[in-house]
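These notes are about the structure you will find just below.
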Amino acid sequence: MKLPDQEKTREITFSALPENQAQLALLLLDGMPDMRVELAVRPDTIVVHYDVRGYSLEKLEAALLSQGFHLDNGLLYKLRRALVYFCERNQRDNLSVPLAQQKSAKPFVEAFNHHPHGDRDDTPEELRGYQ
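Every position in the sequence shown, counted from 1, becomes a number in our numbering once 6 is added.
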C-alpha cells in the first residue's frame, strides 16, 4: 500500500561552477526507474520526484557527488539538506516496521486514564468545601 507522503518532490541545487551541471544531472538521472526528473525554474536546479521506499535525497546527492557534481553549499541549502536527510531516514526506518509490530495509541490512552494527571480530584466530596 502506497501512502501519499511517500512520494517526494525535492530540489537539488548545484553550484554555479562548473556550468551546466543541472542539465548533465538531468541526463544522468532521467533513465532511473520510478523517478521523474525535470529542470526547475531556477538556474542550476533540478526537481526530482521519487518514492521514499526506493530512493532518498541523501543517496541521490551522494551518487551525484561521486560522479563529480558540485552541490550548492550555502548555509540554507546545508540546513535544508540535513533536515530532509533526517526526515527521510526516519520515514524509511518507520516504513520497514511490519504493521503487526507497530504500536497503537490504545495502550497509551489506557495508561493515561489509570494515572493521576491533574484532571481528577481524589478528595472526598464532603471535604472539598471544608475550609
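No residue lacks a Cβ here, since even glycine has one placed at the ideal position from N, Cα and C.
Note that the coordinates shown come from a computational prediction; the quantities given were computed from them, not determined experimentally.
Within a Cβ cutoff of 7 Å, which residues of the same chain sit near residue i, ignoring the five residues on either side of it in sequence?
i, result
"L101", "R59"
Please name the residue, chosen from the options, that lies closest to residue i on a Cα-to-Cα basis.
i, options, result
"Y61", "Q29, Q27, Y91 and E25", "Y91"
"L1", "E116, L77, G135 and E131", "With the chain covering 7 to 137 only, the question about residue 1 has no answer from this structure."
"Q97", "G135, D57, E116 and D40", "D57"
"M41", "A28, L30, L63 and Q27", "L63"
"Y83", "E13, I18 and D11", "I18"
"L45", "Q73, G37 and Q29", "Q29"
"L35", "H120, T129 and F75", "F75"
Start and end of the beta strand (DSSP E) containing residue i?
i, result
"D57", "T51 to D57"
"R98", "Careful: R98 lies outside any beta strand (DSSP E), inside the alpha helix (DSSP H) at L81 to L101."
"E132", "From DSSP, E132 is part of no beta strand (DSSP E) but of the alpha helix (DSSP H) over E131 to R134."
Residue i lies in the alpha helix (DSSP H); which residues open and close that run?
i, result
"L70", "L63 to S72"
"A31", "Q27 to L35"
To which residues does DSSP link residue i through a beta bridge?
i, result
"R42", "H55"
"E13", "D57"
"F20", "L77"
Between residue i and the rest of its own chain, which residues show a CB-CB distance below 8 Å, the 5 nearest in sequence each way excluded?
i, result
"Q73", "L34"
Can at least three beta-carbon pairs, one atom from the region 45-52 and one from the region 65-73, be found at a separation below 8 Å?
no
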